[in-house]
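Have a look at the structure below, then the notes.
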Amino acid sequence: MTVRTRFAPSPTGFLHIGGARTALYNYLFAKGRGGSFVLRVEDTDAERSTSESMDIILDSLKWLGLDWDEGPGIGGEFGPYNQSERGEIYDRYLSKLEEAGHVYEDEGAIRFRVPDKTITVQDVICGEVSVNLKEQGSRRYNTETKQEEEANPDIVIKRPNGGYIFHFVNVVDDIEMGITHVIRGEDHLSNTPKHLALFEAFGATPPTFAHIPLNLNQSGTKMSKRDQGALIHEYREAGFLPDAVNNYMALLGWSAKDDTEIFDAKELRSRFDISGVNNSNSKFDYDKCKWVNAEHLKKLSAADLLEAATPFLTAAGLPADDARMPAALELARDRAQLLSEIPEVLATIFAEEVSYDKASLEKVKSREGIAGAVTALRNGLASVEDWSIDGIKAGIQSAADGMGAKMGMLMLPCRVGVMGSTSGADLIPVLELLGKEAVLKRLEGFEGLLDA
RNA sequence: GACCCGUUCGUCUAGUGGUUAGGACACCGCCCUUUCACGGCGGUAACACGGGUUCGAGUCCCGUACGGGUCGCCA
């Protein structure tokens with residue numbers, strides 16, 4: 140049987156890291172087995188659903204590259220994929236329940252009679268979970284009075300205003316869309332017996348269930364919008380690569396058993412296995428997420444790096460299309476964990492004027508004979524004919540020799556003189572990139588600064 | 001409160017009765033080096049607790065504690 144999974148977001152907010160990971164697991168599982176990944180919009184609550192929210196969720200999913208085979212924007216043979224447009228199908232399924240006497244009206248709403256028996260969920264991740272809905276549902280906890288109250292265990296599946304309820308539409312659509320595997324958050328584990336009762340009432344074979352553990356924040360509570368790393372659309376702006384985010388999310392609850400942690404998109408698809416997902420909640424770690432991103436940054440081809448970095452370069456006013464940019468990016472990629480950190484590494488290279496860091500300047504100024512050293516350095520570099528790594532190195536070396544000093548003596552003054560700071564990328568490649576003329580000009584300006 | 005799920009270094013995890021309990025992030029130290037990074041090497045650090053079962057338990061069973069989830073005419 141061909142695997143069919145689905146991600147069924149409700150358009151009432153942003154795409155959250157937890158939802159994104161659920162989508163990812165569904166995507167990876169389906170794709171890894173030559174199956175289909177369906178996107179279904181659960182917008183039966185007209186009050187809370189918004190198209191703005193839907194746009195953000197869809198954009199986030201697209202950015203992550205979790206392309207759906209069927210769903211909004213591309214259709215498919217089981218559409219429509221917005222539940223708000225599937226009323227006729229739900230009506231049809233409701234009549235089936237009516238005919239079989241499974242439902243009754245209650246103050247305008249329709250309730251589904253839950254069976255008075257133990258229902259057992261066979262979950263791929265959580266194992267067997269049994270519950271009796273009738274017993275369980277006949278008491279309700281009132282969070283305000285902190286008391287248990289009598290309650291009607293039969294679940295409402297249709298509102299008095301005609302709108303259908305989650306449990307019902309969720310099951311109907313999983314049947315109608317031929318979903319074979321339901322991979323969702325563990326917060327739905329307690330709902331599953333209700334769904335199983337509905338599958339049985341419809342005479343349908345339920346899909347395989349896999350309830351994945353939840354992602355919590357550093358404090359061990361539910362991730363909220365305010366927690367760093369909670370919202371997918373913020374990752375792009377923060378300078379993450381989509382594959383890195385997928386990679387990190389996959390690691391929250393799943394691992395390849397051989398200690399491999401970095402996977403490209405293709406490897407993730409082939410190696411992910413839902414049965415390898417563990418069953419305890421995890422805490423989100425932004426530092427590790429950044430580390431994973433850094434690893435992906437290192438593996439990017441020059442062309443892909445340029446493409447990924449371009450929006451950040453442009454935003455910082457750096458010339459992304461400059462012929463020297465690919466080489467400059469090579470100097471920056473090992474120093475950045477996020478794409479957003481790259482511009483600051485490169486800013487001084489492309490700047491018209493060097494802005495000198497005060498502390499760096501003081502440090503160099505305090506050296507004895509610094510002015511003479513810089514002049515000697517500039518002369519040494521001025522005499523370089525072959526402006527290459529080796530040539531530049533030789534130029535600095537000869538200046539040092541003339542002073543009876545080691546080359547290292549001149550490196551720091553050179554760095555501060557040309558780049559304005561004691562820290563930064565590999566200096567000699569930077570000098571090469573800058574070009575002889577610019578380097579000499581900067582050193583000259585630096586000499587003036589030292590004289591003052 | 002009832003029911004359900006869970007508990008290995010600070011964090012993510014490997015581990016399916018016999019291991020010096022492994023890896024990764026973070027942290028610390030050393031090395032590399034023209035600085036900072038990168039990289040390399042090394043270090044600190046964990047089986048929640050109590051009972052069983054067993055020759056032997058992180059691994060199996062029970063209980064306790066703690067954490068999470070559910071208990072809507074939200075999804």
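Numbering (the working numbering), first residue to last: 140 to 591. Positions of the beta carbon are idealized from the N, C-alpha and C atoms, including for glycine.
- Mind checking who glutamate 267 pairs with in its DSSP beta bridge? Gln261
- Query: For leucine 391, which three-state DSSP category applies?
  - Reply: coil
- Quick one: using the 10 Å Cβ neighbour count with 16 as the cut-off for buried, is glutamate 571 buried or exposed? buried
- Query: Do you know how far the Cα of leucine 390 is from the Cα of leucine 579?
  - Reply: 50 Å
- Task: Output the distance between the C-alpha atoms of arginine 323 and arginine 250, rounded to the nearest integer angstrom.
- Result: 25 Å
- Residues near leucine 337 by beta carbon distance below 6 Å, same chain, minus five either side: Val310
- The alpha helix (DSSP H) spanning glutamate 191 covers which residue range? 190-203
- Item | Proximity of proline 450 and tryptophan 202 at Cβ, strictly below 7 Å | no
- For arginine 375, I'd like the list of residues in its chain whose CB is within less than 7 Å of its CB, leaving aside the five on either flank, ordered along the chain. Trp202
- For glycine 171 versus arginine 408, is the C-beta spacing smaller than 7 Å? yes
- With lysine 297 as the anchor, note down where its beta strand (DSSP E) starts and where it stops. 294-297
- Go ahead and pull the three-state DSSP assignment for arginine 278. strand
- According to DSSP, what are the bridge partners of leucine 355? Lys361, Lys422
- Query: Where does arginine 506 sit, in a helix, a strand or coil, going by DSSP?
  - Reply: coil
- Item | methionine 548 beta carbon less than 7 Å from that of isoleucine 535 | no
- Between leucine 355 and asparagine 418, is the Cβ-Cβ spacing less than 7 Å? no
- Query: In chain order, what residues of the same chain have a beta carbon less than 7 Å from the beta carbon of arginine 160, not counting five sequence neighbours either side?
  - Reply: Asn354, Met388, Leu391
- Task: Could you spell out where the alpha helix (DSSP H) holding valine 311 opens and where it closes?
- Result: 305-315
- Message: Using CA atoms only, rank isn't needed, just tell me which of Ile228, Ala490, Cys428 is closest to glutamine 476.
- Response: Cys428
- How many Å lie between glutamate 289 and glutamate 373 at the Cα? 44 Å
- In the DSSP assignment, find the beta strand (DSSP E) that holds glycine 174 and state where it starts and stops. Careful: glycine 174 lies outside any beta strand (DSSP E) and carries neither H nor E.
- For the beta strand (DSSP E) holding glutamate 483, just list the boundary residues, first then last. Premise fails: glutamate 483 lies in the alpha helix (DSSP H), 481-489, not in any beta strand (DSSP E).
- Message: I'd like to know whether the C-beta atoms of alanine 447 and leucine 470 end up nearer to each other than 7 Å.
- Response: no
- Query: Roughly how many angstroms lie between the CA atoms of glutamate 406 and isoleucine 351, to the nearest whole one?
  - Reply: 21 Å
- Residue of Arg145, Glu186, Gly556 minimising C-alpha distance to serine 175: Arg145
- Query: In three-state DSSP terms, what is asparagine 386?
  - Reply: helix
- Is aspartate 313 closer than 7 Å to proline 346 when the C-beta atoms are compared? yes
- Message: Pop quiz: threonine 259 and valine 253 are said to be a contact at Cβ under 8 Å. What is the actual Cβ separation, rounded to whole angstroms?
- Response: That belief does not hold up - the Cβ atoms of threonine 259 and valine 253 are roughly 15 Å apart, past 8 Å.
- Message: the ligand HEM and tryptophan 202: does any heavy atom of the ligand fall closer than 6 Å to the residue's C-beta?
- Response: Of ligands this structure carries none, so the ligand HEM is not represented either.
- Between which two residues does the beta strand (DSSP E) harbouring threonine 144 extend? 143-146
- Message: Using DSSP's beta-bridge definition, name the partner residues of glutamate 287.
- Response: Tyr280
- Message: One question on the structure: do alanine 467 and leucine 444 come within less than 7 Å of each other, judged by their Cβ atoms?
- Response: no
- Task: Go through its chain and collect everything with a Cβ distance to glutamate 246's Cβ below 8 Å, but skip five positions before and after it.
- Result: Pro299
- When the Cα atoms are used, what is the spatial distance from alanine 538 to phenylalanine 489? 26 Å
- Backbone secondary structure at threonine 161 - three-state DSSP: helix
- Item | Beta-ladder partner(s) of glutamate 244, from DSSP | Ile249
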